[in-house]
Each structure stands twice: as structure tokens, then as C-alpha cells.
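Some notes on the structure that comes next.
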Amino acid sequence: MRIWENGLEYELIGDYYFPVIGVPEAADQAPLSMWGRMYKDYLRGHKQILFNELLLTGKLDEHVRMVDRQAQERYEVLVRQMKDAEGVTEGLKERDMMEWVRRMNGIDARAREGVVMELIYG
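According to the numbering used here, numbering within the sequence shown proceeds without interruption in unit steps and concludes at 255.
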């Protein structure tokens, strides 16, 4: 026998009613990127109340995927802006491949740090 009370469904097991909770099946979606995995780990370790609330309401996957998409978009924008500001072009790549790699590695590291501080841990 099941009843609804306080917005939750309860099932009678023996003499007691227990809440019927579970995690909904995830739709066939692509795996999370580095950003989504990092954010989910951060929530699990540092924002446990929010993590548990999202998990129990079935909104964790949706929330993490939203932050994952935002982080990837922000990373791409930051890289593009830094490349333009620092003059890192295909011409530089053709003239001096090692200099281009050095600059791109620096841009990549700064863009990742910006995304992590702004969206993942922010």
C-alpha cells in the first residue's frame, strides 16, 4: 500500500511506511566532460546539502550538465579572447611552432584556471 504525504510517496512495509526514493534513470546522454566531473566532485565533497537535495529530487544530472555546458562555452570564449589579445595566430604557428605551442599552453592553463574559479568552485 502506498500513500502520498508532504509531497512524498510512502510505501507500507511491515508495520512502517518508508519513503519511496530513487534516482531516475539517466537518458542516453554523452558522458560528462572534465568540467562536469570536476563540478560533481566539488558538490559531493564541499556542498553536500545541495548535492543530496539535487540527487534526491532527481535534478543532479540536469544541473551538472548545465554547468558542464556553461564551463565549456566559457573556456572556448576565454581561449579565443586571449589568443586575439596576445596575437597568437596561424601565422605564428607557421613561423615558429614551438613559440605557438608555448603561448597556447599558457593560454590553456589560464583559461582553465579562470573557468574553475568562476564556475566550478565559484
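Cβ coordinates follow ideal geometry from the N, Cα and C atoms, glycine included.
Please look up how many angstroms separate the CB atoms of TRP168 and ALA204, rounded, as I've assumed it's under 8 Å. Mapped onto the sequence shown, residue 168 falls at position 35. Mapped onto the sequence shown, residue 204 falls at position 71. Confirmed, Cβ separation roughly 4 Å.
Is it the case that the segment 220-229 contacts the segment 178-196, given that we only count it when at least three CB pairs across the two stretches are under 8 Å? Counting C-beta pairs with one atom in each stretch, the segment 178-196 and the segment 220-229 have fewer than three that are closer than 8 Å, which means they do not touch.
Do the segment 232-244 and the segment 195-213 touch if we need at least three Cβ pairs shorter than 8 Å? Yes, they touch.
Of the listed residues GLU232, ASP229, VAL221 and VAL200, nearest to MET250 (C-alpha basis): Start at 1 with the first residue of the sequence shown, and residue 250 comes out as number 117. Per the Cα distances, VAL200.
Tell me the DSSP bridge mates of PHE306? With the chain covering only 134 through 255, there is no way to say anything about residue 306.
With TYR150 and ILE136 assumed to form a contact (beta carbons below 8 Å), what rounded beta-carbon distance in angstroms separates them? Along the sequence shown, read from residue 1 onward, the residue named residue 150 stands at position 17. Along the sequence shown, read from residue 1 onward, the residue named residue 136 stands at position 3. About 7 Å separates the CB atoms of TYR150 and ILE136; that is less than 8 Å, so the two are in contact.
Measuring CB to CB, does VAL197 end up less than 7 Å from TYR172? As a working note, residue 197 is residue 64 in the sequence shown. As a working note, residue 172 is residue 39 in the sequence shown. Remark: C-beta atoms of VAL197 and TYR172 approach each other more closely than 7 Å.
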